[in-house]
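Scroll down for the structure; my scribbles are underneath it.
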Amino acid sequence: MIRLTIRQMEYFAALAQTLHFGRAAEYAGVSQPALSTQIAELEERLGCTLFERGGKAVRLTEDALVLQPSIDRILTDIREVEATARRGRLAMEGRMRLGIIPTVAPYLLPHVLPALKDEYPKLRLELREAITGALAEDALNGRIDAFVAALPLDHAGLMTQELFSDRFYLAVPANDPDFVSPPVPPESPALERLMLLEEGHCLREQALAVCGSVKPVAMANYGATSLTTLLQMVAHGLGVTLIPEMAAGPASDQRDLKIVPFAEPVPERRICLAWRRNSPRHNECLELARIVSGLQPLLRH
1 MIRLTIRQME YFAALAQTLH FGRAAEYAGV SQPALSTQIA ELEERLGCTL FERGGKAVRL
61 TEDALVLQPS IDRILTDIRE VEATARRGRL AMEGRMRLGI IPTVAPYLLP HVLPALKDEY
121 PKLRLELREA ITGALAEDAL NGRIDAFVAA LPLDHAGLMT QELFSDRFYL AVPANDPDFV
181 SPPVPPESPA LERLMLLEEG HCLREQALAV CGSVKPVAMA NYGATSLTTL LQMVAHGLGV
241 TLIPEMAAGP ASDQRDLKIV PFAEPVPERR ICLAWRRNSP RHNECLELAR IVSGLQPLLR
301 H
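full-length UniProt numbering numbers the first residue of the sequence shown as 1 and each following residue consecutively.
Structural data, given as structure tokens:
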């Protein structure tokens, strides 16, 4: 009889998602050798190769692609059993898998993690940082319990709870002779030098919406995967970029940057917590939303 373990299926799911042994091990919370050993044992028990290993590249085999939906479904059912068993007990304890977008994670987590530890010491939070589309897919498929992102989220299978609004500022080089005096109007020529995050980041679309009738010409020449990289590029005089208020405080400490406000009405993004509709962790998600909402004063610039 073939005996597969839940752990092996979880490691399979992590590797199938990341296609990288190191990232899969980090995602699963184990060492890379431990994950590799379990994957090899899984392949031996099934009598087939699940992953093609070629240098740093990892690819799913045909056998793995056939098995993946079944394994995902089994893991989702197991998590439903765990969540159902928690009903009637104190909320916010045990494992909770939370996703968060990259333009929020570095600024919100230093406040969220201590607050949760103080109020719910039995909670074991597992974090995943990714763009909105990937987090929505993970939530709908049961791979995470909830995620923090920016509204709107156009997914009928998700519920959302708005947490707070996050105003936008403009980050410019500190000694930029061509920059006009603040507040910055939406038609300012300075926005023609706006640099954007790469495709897939919601902050990119929000930046384009802020620009109004001004077309950013720099977007064809530059693209970055993180706000930190964009700010470094601004500090070296390569352009300007949009920065959320929660990031504006830390960024204002950089000598080569100047953080300036927009004219009224100030553009903003709305941050929310989202989770799968009919999730058995609905009440816990509402409690998490309550805690995060209360942190907004700490994020003000």
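Ideal Cβ placement from N, Cα and C applies to all residues, glycine included.
Because the structure is a prediction, the values reported are computed rather than measured.
- Using a Cβ distance threshold of 8 Å, Ala-209 and Leu-196 do not count as a contacting pair.
- Counting along the chain, no beta strand (DSSP E) covers Lys-117; the unbroken alpha helix (DSSP H) around it starts and ends at 105 to 119.
- Judged by their CB atoms, Phe-168 and Phe-262 are nearer to each other than the 8 Å cut-off.
- Minimum Cα-Cα distance from Pro-102 among the listed residues Cys-202, Leu-158 and Pro-173 corresponds to Cys-202.
- Per DSSP, the beta bridge partners of Arg-270 are Ser-165.
- The three-state reading of DSSP puts Thr-160 in strand, counting E and B together.
- Sixteen is the threshold: since fewer than 16 other Cβ atoms of the shown chains lie within 10 Å of the Cβ of Ala-156, the residue is exposed.
- Closest by C-alpha distance to Thr-76, out of Gln-296, Asp-138, Ser-293 and Leu-60, is Asp-138.
- With a 10 Å radius around the Cβ and a threshold of 16 neighbouring Cβ atoms, Val-112 comes out buried.
- Ranked by Cα distance from Ala-150, the options Ser-31, Lys-258 and Pro-244 are led by Pro-244.
- C-alpha of Pro-186 to C-alpha of Leu-4: approximately 58 Å in a straight line.
- Leu-98 is not a Cβ neighbour of Ile-131, given a cutoff of 8 Å.
- Take the alpha-carbon of Glu-10 and the one of Ala-28: they are about 8 Å apart.
- Taking 8 Å as the cut-off, the beta carbon of Ala-251 is found closer than this to the beta carbon of Ala-171.
- Assigned with DSSP and collapsed to three states, Thr-241 falls in strand.
- Out of Leu-299, Leu-295, Pro-280 and Arg-7, the CA that lies nearest to the CA of Ala-146 is found in Pro-280.
- If one requires a minimum length of 4 residues, the alpha helix (DSSP H) runs lying completely within the UniProt domain "HTH lysR-type" (4 to 61) are 6 to 18, 21 to 28 and 32 to 46, in chain order.
- Rounded to whole angstroms, the separation of the alpha carbons of Asp-72 and Arg-53 is 22 Å.
- In this structure, Gln-8 lies near Gln-38, with their beta-carbon atoms less than 8 Å apart.
- CA-CA distance, Pro-183 to Val-260, rounds to 7 Å.
- Proximity to Leu-288 across Leu-257, Leu-231, Glu-264 and Leu-123 peaks at Leu-123, based on C-alpha coordinates.
- Secondary structure of Met-96 (DSSP, three-state): strand.
- Judged by DSSP secondary structure, Arg-290 falls within the alpha helix (DSSP H) whose first and last residues are 282 to 293.
- When the Cα atoms are used, Arg-23 and Leu-35 turn out to be separated by approximately 11 Å.
- By the Cβ neighbour-count rule, Ala-13 is buried, with 16 or more other Cβ atoms within 10 Å of its own.
- Glu-284 and Arg-59 have their C-alpha atoms roughly 36 Å apart.
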